[in-house]
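Anchor point for the sequence shown: position 168 equals 168 in this note's numbering, and the numbering is continuous, going up by one each time.
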Amino acid sequence: MKSGALSRKGIGAVPLILGLIVVFAGAFLLYRNWQAGTMARKTTPGQASEVPPGAPGPKTAPPFSLKDTNGNIFSSDKLAGKPAVINFFATWCPPCREEIPGFVEVYNKHKGKGFELIGISLDTDTRENMPGFMMNNKVGYRILFGDLATARAYGGVSSIPTTFFVGKDGEIKNVHVGYIDKDAFDKEVMKLL
């Protein structure tokens with residue numbers, strides 16, 4: 001009889017543990033989404049901060065090799081000598097989605113001058129939706145699938161969107177955390193050209 005009672009308790013503990021895991025995972029995802037939105041709202045639109053000497057984080061844009069939406073590897077070596085913007089984003093992030101039309105317009109305006117815009121997607125569960133997302137938003141610039149190592153290399157990107165403005169010399173000139181409107185984005189890009 002005791003073994004039957006123990007097995008019923010063991011069976012009851014498994015669903016309880018699984019339920020707790022699901023609750024904690026859901027709470028974590030809600031917190032992460034809330035934190036990204038809160039951080040984006042705290043940043044004034046158009047506010048990009050120059051990287052001061054002695055500031056923590058990289059001064060030279062860290063190298064990366066990431067897959068694009070077609071599965072091809074893109075190396076940051078291809079950005080050498082070009083003004084570039086690297087934008088960490090996710091399709092589920094409202095401020096990220098809001099700034100994309102302005103990015104598309106500014107990219108199309110300056111791409112003939114050697115300007116490169118790279119979107120690094122931090123999406124995990126929605127990667128298969130990226131081609132449709134790009135088509136719906138008329139994204140003509142390169143989108144790569146990011147990873148934890150790349151986010152850490154860029155100073156531990158903790159909020160999205162986060163945008164790095166990189167000069168022709170490969171040095172990070174400005175970093176903007178949060179939504180950036182089209183006019184402010186264009187102004188920062190012009191400084192790189």
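Yeah, the Cβ is synthetic: ideal placement off N, Cα and C, and Gly gets one too.
Practice task
Report all residues from its chain with a CB closer than 6 Å to the CB of aspartate 186; omit the five preceding and five following residues, and keep chain order.
Solution key: In the sequence shown, counting from the first residue as 1, residue 186 sits at position 186. Contacts found: Val106.
Problem - valine 106: first and last residue of the uninterrupted alpha helix (DSSP H) it sits in - result: In the sequence shown, counting from the first residue as 1, residue 106 sits at position 106. Its alpha helix (DSSP H) spans residues 94-110.
Practice task
Could you tell me which residues DSSP pairs with serine 196 in its beta bridges?
Solution key: Residue 196 cannot be examined here, being either before or after the span of the chain that is shown, 1 to 193.
Handout entry: Buried versus exposed call for aspartate 123 [16 or more other C-beta atoms within 10 Å across all chains shown]
Key = Locating residue 123 in the sequence shown gives position 123, where the first residue counts as 1. Aspartate 123 is buried by the Cβ-count criterion.
Exercise for the section: Note down, one range per segment and in chain order, each alpha helix (DSSP H) of at least 4 residues found wholly within the region 115-190. Expected result: 130-136, 148-153
Exercise for the section: Could you tell me the distance, in whole angstroms, from the CA atom of phenylalanine 74 to the CA atom of alanine 80? Expected result: The sequence position of residue 74 within the sequence shown is 74, counting from 1. The sequence position of residue 80 within the sequence shown is 80, counting from 1. Rounded to the nearest angstrom, the two C-alpha atoms are 13 Å apart.
Problem - serine 67 (DSSP reduced to helix, strand or coil) - result: Mapped onto the sequence shown, residue 67 falls at position 67. For the record, residue 67 in the displayed sequence is lysine; it is not serine. Lysine 67: strand per DSSP, three-state reduction.
Practice task
Taking all protein chains shown into account, decide if serine 65 is buried (16 or more other Cβ within 10 angstroms of its Cβ) or exposed.
Solution key: For the purposes of this step, residue 65 is taken as residue 65 along the sequence shown, with counting starting at 1. Exposed, because fewer than 16 other Cβ atoms sit within 10 Å of the Cβ of serine 65.
Practice task
Between the Cα of glycine 167 and those of Gly146, Phe145, Lys191, spot the shortest distance and give me the residue it belongs to.
Solution key: Residue numbering aside, residue 167 sits at position 167 when the sequence shown is read from its first letter. When each option's Cα is compared against that of glycine 167, the closest is Lys191.
Practice task
Output the distance between the C-alpha atoms of leucine 144 and tyrosine 154, rounded to the nearest integer angstrom.
Solution key: On the sequence shown, residue 144 is found 144 positions in, with the first residue counted as 1. On the sequence shown, residue 154 is found 154 positions in, with the first residue counted as 1. If I take the Cα positions, the gap works out to 15 Å.
Handout entry: Near the ligand HEM: arginine 127 beta-carbon under 6 Å from a heavy atom
Key = Here there are no bound small molecules, and the ligand HEM is not part of this structure.
Practice task
Kindly indicate the opening and closing residues of the beta strand (DSSP E) around alanine 84.
Solution key: Position 84 of the sequence shown, counted from the start, is the residue given in the question as residue 84. 84-89 is the span of the beta strand (DSSP E), which, as asked, contains alanine 84.
Practice task
Taking only the alpha-carbon atoms, compute the straight-line gap between glutamate 116 and isoleucine 21 and give it to the nearest angstrom.
Solution key: As a first step, residue 116 must be located in the sequence shown, where it is residue number 116. As a first step, residue 21 must be located in the sequence shown, where it is residue number 21. Approximately 42 Å, taken between the alpha carbons.
Handout entry: Spatial neighbours of threonine 60 in its chain, beta-carbon cut-off 8 Å, leaving aside the 5 residues before and after
Key = The residue you call residue 60 lines up with position 60 of the sequence shown. Within the same chain, threonine 60 has close Cβ partners Gly170, Glu171, Ile172.
Handout entry: Spatial distance of glycine 156 from isoleucine 180 (CA atoms)
Key = Within the sequence shown, numbered from 1, the residue matching residue 156 stands at position 156. Within the sequence shown, numbered from 1, the residue matching residue 180 stands at position 180. One C-alpha to the other measures close to 20 Å.
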